[in-house]
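K.L.:
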Amino acid sequence: MSKPNTATVLKRWRSSISIPGKPNEWESKSLLSSMGIAVPRGVFIEAGKSAAAAVDPSVLGSTGHWVVKVCSGEILHKTEQEGVILDVTAEDLSAGVIALQKRFPSAGILVEEMVPYRGGEIIIGALYDPTFGPAVMVGSGGILTELYKDVAFRLAPCTVKEAHRMLEELTIYPTLKGYRGLPGNADALAEIVSKIADLAVDLIAEGCQLDINPIIWSRDRWVALDVKAIITEDESKRVDPVPVSE
Amino acid sequence: MSTAKVSFKNIDKLLNPESVAVVGASNRKDKVGSIIFEGLRRSKARLYPVNPHEDAISGHKSYPQVSDLPVTVDVAIITVRAEKAAEIAEQCARCGIDNLIIVAGGFAEAGVQGRALEERLRAIPEQWGSRILGPNSLGVFVPENNFDTIFVEHGDRALADGGGIAFISQSGSVGVEALGLASNTGFPMRAFVGLGNKIDLNELDFIEYFGAEDKTDCIALYIENVEQGRRFLESAREVSLGKPVVALKAGRTPSGVSAVSSHTGKLAGSDRVVSGAFRQYGIQRAFDDEELCDAAKTLSYLPPARGNRVAVITGAGGFGVMCADYIESDSSRARLQMAELSERTITRIREKAPTFASCHNPVDLTAGVTNEMYVHTMKALLEDRSVDILICITFFAPHAVTDQLIDRMADIITGSDKPVLIFTEYGPFTDSYLKEFYKKGMIGFPSLTRTVRAVRFLVERGRIVSALRVGS
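These protein sequence lines are chains A and B, in that order.
For any residue, its number in my numbering is found by taking its place in the first sequence, counting from 1, and adding 118.
For any residue, its number in my numbering is found by taking its place in the second sequence, counting from 1, and adding 2.
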């Protein structure tokens, strides 16, 4: 299986971020897409631009339900700031976009398809540990993730096999294996964890963190519903990790 | 690896010196230098006390200065206080002494002046090539040759028979207290190394050294901070292929992700990353000194478990039930399950068991148990393919269980490729039974918690071995 060259992808991506060091959700999701990780179908409306693009049926289709979110690298807690409107129908879309634009005049707006799912919510994260360098995390996601603390860590890079062992450590693991008929796929998730670990090696320097929360199983694939990246633009802070023998 | 290989020869000398200088040795019995010097008289090394105020110490001619020594000693132990230690260490280095053990504390942990002194020490290895253990180090203890620089009680007599565990401890007192307690029931020691402030030699040097030599069959570490994180892990994985590595990592380093707004950062603290990293690299983590010693001793003596199915044999029903509960309780280290015995095994056990015995797992032979029944049942359980590990709850209270059972158990246990652990309690005689087991090659504990915990370490080790051998 050929992996995308992470370093090249990253370089291109870094230079495309509108506020250096503070990628917004749309930009972070485009990074995941370029690594082969699915994200919801969506449209980004820049600050001050008309909502027309979002409402154009040729772009998003005319049926279904939508999520409208404020989308700015400066706003990290959008739910707490009432920057998210869920379950918006096609006919209410335009009004939803305009409402958020009024609340956050200097921020962009992201309109995304509301992806249906039944299984568990998973979190995948990456960070820089001061002793050991880049590390990856996977666990029970959603808004209660910090309460349950059902997570496993490994250093990056992390093989798919090792990522599997992480999953096996989790209380939520059975839901990936058909518990109570819930859909999910451990193998595909382990692959993504390993990919994020590769990304962490190149992206995660001192002070950097990445949250994909939640990532859920929908229509036979894992989809990253929300992504938050905190990166450093200061290249000098990047530390080359000692290569890990495989 | 190259730098570490260079220090192998140094470490050889550090652990097996032919000649040792003790700077600060004294005729005043209350001095640290005098306690260390007296202790060293039991070793085979030639001793050279250095003290300008004495002519002779315990019949050994005393030298005023290090530079007056007639030979270049393999090791100099510097027992004087911090303010003088830096200067003396420099003298030793100038004289070409390869290894310096610096006992005194009061360096970096003691403010600005201390830090300045420590800086002087740091310059020594690079400038003169001498290697430094410490400062703030208790030094080393090698039972094999009686080379023992530890000046506080540490169960040294009880540990004198030696064994396969290399015990590397950043903290002196955690090391000696843990070992002192462990020595009550027997502990197989290859060597103790007190790292102290580790300005030069650190856990990486010693894990590589003990990892490479045949005399060590298990490495136990107490560390508060890890030097060269990734390299340490790489070395540990390498070593772990051949022998178990158990580490107690205490103290959470500041997470370095203080301005955190991510869930990942908050969940990491820094401790979860340590646990994950240790798992990934085949290091088994312990959380207190008792667990560290129990695990090391068990891993040194017993083969790794090939699976997680445990059989229990008991003469006391209550302990059998409790043991089954412990076995089936949750654990992040290794899940265990009660073995489902085959019909053949059950029939075999029933042949000799008392009529009212329970021949299913846990096998309860009741107070009617005899030596003969016990041995017969052990054999039947170990030959059952659905059993990976055996726990023997062995009490010497029933009148037909006698001390002769110990030798018969030892024959079975030392010849078995499946691990067998014993839980025993016998009032004030408990420890002497445990020590007796230990001398005969068996592992016993005075509580079910500790016994089952040790079993989990063996199952975890089994998994590590198969994961490392198969590849990542």
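Here a beta-carbon is modelled for each residue, glycine too, at the ideal position from N, C-alpha and C.
Just so we're clear, the structure is a prediction, and the values are computed from it rather than from any experiment.
1) Residue 423/B: which of 345/B, 356/B, 316/B sits nearest, CA to CA?
2) When you compare the CB positions of residue 160/A and residue 228/A, do they come within less than 7 Å of one another, or not?
3) Quick one: which chain B residues come within Cβ less than 8 Å of residue 199/A?
4) Can you name the residues that DSSP bridges to residue 394/B?
5) With distances taken from CA atoms, which of 323/B, 79/B, 282/B is nearest residue 466/B?
6) DSSP on residue 158/A, reduced to helix/strand/coil?
7) From the DSSP output, which residues share a beta bridge with residue 230/A?
8) In whole angstroms, what separates the C-alpha of residue 258/B from that of residue 151/B?
9) Counting Cβ pairs, one atom from each stretch, are 3 or more of them under 8 Å apart for the region 132–149 of chain B and the region 84–99 of chain B?
10) Can you grab the Cα-Cα spacing for the pair residue 315/A / residue 284/A, in whole Å?
11) Note down, one range per segment and in chain order, each beta strand (DSSP E) of at least 3 residues found wholly within the region 113–171 of chain B.
12) Using DSSP with H/G/I as helix, E/B as strand and the rest coil, what is residue 312/A?
13) Looking only at its own chain, which residues have a Cβ that is under 6 Å from the Cβ of residue 185/B, when we skip the five neighbours before and after it?
14) Would you call the region 380–390 of chain B and the region 312–328 of chain B in contact, with 3 or more CB pairs under 8 Å?
15) Please check if any C-beta of chain A sits within less than 7 Å of the C-beta of residue 251/B.
16) Locate the alpha helix (DSSP H) running through residue 189/B, then write down its first and last residues.
17) Buried or exposed: residue 265/A, going by 16 or more other Cβ atoms within 10 Å of its Cβ?
18) Our contact map puts residue 453/B next to residue 425/B with C-beta atoms below 8 Å; I'd like the distance itself, whole angstroms only.
19) Who are the Cβ neighbours of residue 420/B in its own chain at under 8 Å, not counting the five residues just before and after it?
20) Measuring only the C-alpha atoms, how far is residue 434/B from residue 270/A?
21) Residue 158/A and residue 341/A look like a contact to me (Cβ under 8 Å); what is the Cβ gap, rounded to whole Å?
22) Starting from the C-beta of residue 20/B, find all residues in its chain whose C-beta is less than 7 Å away, skip the five residues before and the five after it, and write them out in chain order.
23) CB-CB under 7 Å to residue 128/A, same chain, minus the five flanking residues each way: which ones, in chain order?
24) Grouping DSSP H, G and I as helix and E and B as strand, with all else coil, what is residue 197/A?
25) Locate the beta strand (DSSP E) running through residue 246/A, then write down its first and last residues.
26) Could you list the residues in the region 231–250 of chain A with a C-beta less than 9 Å from some C-beta on chain B, going in chain order?
27) From the beta carbon of residue 253/A, is the nearest beta carbon of chain B less than 7 Å away?
28) Does the beta-carbon of residue 36/B have 16 or more other beta-carbons within 10 angstroms, so that it is buried, or is it exposed?
29) Pull the bridge partners of residue 323/B from the DSSP assignment, please.
30) Can you check whether the CB of residue 106/B is closer than 7 Å to the CB of residue 124/B?
31) Does residue 329/A get closer than 7 Å to chain B when you measure Cβ to Cβ?
32) Under 7 Å between the Cβ atoms of residue 188/B and residue 171/B?
33) Indicate whether residue 235/A and residue 152/A have their beta-carbon atoms separated by less than 7 Å.
34) Would you mind telling me which residues of chain B sit closer than 7 Å to residue 192/A, beta carbon to beta carbon, in chain order?
35) Does the separation of the CB atoms of residue 198/B and residue 139/B fall below 7 Å?
36) Tell me the rounded alpha-carbon separation between residue 359/B and residue 468/B.
P.N.:
Here's the rundown:
1) By 1-based counting over the second sequence, the position of residue 423/B is 421. The residue with the shortest Cα to Cα distance from residue 423/B is 316/B.
2) Against the first sequence, residue 160/A aligns to sequence position 42. Against the first sequence, residue 228/A aligns to sequence position 110. Yes, the pair counts as a contact, with Cβ atoms nearer than the cut-off.
3) What you label residue 199/A is simply residue 81 of the first sequence in a count that begins at 1. Neighbours of residue 199/A on chain B: none; closest Cβ ~13 Å, over 8 Å.
4) For the purposes of this step, residue 394/B is taken as the residue at position 392 of the second sequence. Bridge partners of residue 394/B: 315/B, 424/B.
5) By 1-based counting over the second sequence, the position of residue 466/B is 464. The option with the nearest alpha carbon to residue 466/B is 282/B.
6) Mapped onto the first sequence, residue 158/A falls at position 40. Reduced to three states, the DSSP call for residue 158/A is coil.
7) What you label residue 230/A is simply residue 112 of the first sequence in a count that begins at 1. DSSP output for residue 230/A lists 160/A, 185/A as bridge partner(s).
8) For this step, residue 258/B is matched to residue 256 along the second sequence. For this step, residue 151/B is matched to residue 149 along the second sequence. Note that residue 258/B scores 48 on pLDDT, short of 50, meaning its location in the model is unreliable; the coordinates nonetheless yield the value given after this. The alpha-carbon atoms of residue 258/B and residue 151/B are separated by roughly 38 Å.
9) yes
10) Looking up residue 315/A in the first sequence gives position 197. Looking up residue 284/A in the first sequence gives position 166. So the alpha carbons of these two residues sit roughly 13 Å apart.
11) 133–135, 141–144, 167–171
12) The sequence position of residue 312/A within the first sequence is 194, counting from 1. In the structure shown, residue 312/A sits in a helix (DSSP, three-state: H, G or I).
13) As a working mapping, residue 185/B is identified with position 183 in the second sequence. Excluding positions up to five away in sequence, the list reads 157, 160, 161.
14) yes
15) Start at 1 with the first residue of the second sequence, and residue 251/B comes out as number 249. It does not: the Cβ of residue 251/B has no partner Cβ on chain A nearer than 7 Å.
16) The residue given as residue 189/B occupies position 187 in the second sequence. Note, residue 189/B: premise wrong, no alpha helix (DSSP H); not H, not E.
17) Taking the first residue of the first sequence as 1, we reach residue 265/A at position 147. That one is exposed.
18) Counted from its first residue, the second sequence places residue 453/B at position 451. Counted from its first residue, the second sequence places residue 425/B at position 423. Yes, they are in contact, since the Cβ atoms of residue 453/B and residue 425/B sit about 4 Å apart, within 8 Å.
19) Residue mapping note: residue 420/B aligns to position 418 of the second sequence, counting from 1. Hits under 8 Å: 305, 307, 308, 384, 389, 390, 391, 392.
20) Residue numbering aside, residue 434/B sits at position 432 when the second sequence is read from its first letter. Residue numbering aside, residue 270/A sits at position 152 when the first sequence is read from its first letter. The straight-line gap from Cα to Cα measures roughly 42 Å.
21) As a working mapping, residue 158/A is identified with position 40 in the first sequence. As a working mapping, residue 341/A is identified with position 223 in the first sequence. So it is a contact: roughly 6 Å between Cβ atoms.
22) Walking along the second sequence from the start, residue 20/B turns up at place 18. Correct list, in chain order: 47, 48, 76.
23) For this step, residue 128/A is matched to residue 10 along the first sequence. 320, 321, listed in sequence order.
24) Here residue 197/A corresponds to residue number 79 of the first sequence, with the count starting at 1. Correct three-state label for residue 197/A: coil.
25) On the first sequence, residue 246/A is found 128 positions in, with the first residue counted as 1. Run containing residue 246/A: 240–247, per the beta strand (DSSP E) assignment.
26) 241, 242, 243, 244, 245, 246, 247, 248, 249, 250
27) As a working note, residue 253/A is residue 135 in the first sequence. At least one chain B Cβ lies under 7 Å of residue 253/A.
28) The residue given as residue 36/B occupies position 34 in the second sequence. With 16 or more Cβ atoms within 10 Å of its Cβ, residue 36/B is classed as buried.
29) Counting from one through the second sequence, the residue named residue 323/B turns up at place 321. Beta-bridge pairing links residue 323/B to no other residue.
30) Position 122 of the second sequence, counted from the start, is the residue given in the question as residue 124/B. Position 104 of the second sequence, counted from the start, is the residue given in the question as residue 106/B. Contact flag unset, no.
31) The residue labelled residue 329/A in the question sits at position 211 within the first sequence. Closer than 7 Å: yes.
32) Residue numbering aside, residue 188/B sits at position 186 when the second sequence is read from its first letter. Residue numbering aside, residue 171/B sits at position 169 when the second sequence is read from its first letter. No, the Cβ-Cβ distance between residue 188/B and residue 171/B is not below 7 Å.
33) Along the first sequence, one-based indexing puts residue 235/A at 117. Along the first sequence, one-based indexing puts residue 152/A at 34. No. Outside cutoff.
34) Numbered from 1 along the first sequence, position 74 holds the residue referred to as residue 192/A. Near residue 192/A there are no residues of chain B at all, since even the closest Cβ is about 12 Å away, more than 7 Å.
35) Here the question's residue 198/B lines up with position 196 in the second sequence. Here the question's residue 139/B lines up with position 137 in the second sequence. In contact: residue 198/B and residue 139/B (Cβ atoms closer than 7 Å).
36) As a first step, residue 359/B must be located in the second sequence, where it is residue number 357. As a first step, residue 468/B must be located in the second sequence, where it is residue number 466. Approximately 38 Å, taken between the alpha carbons.
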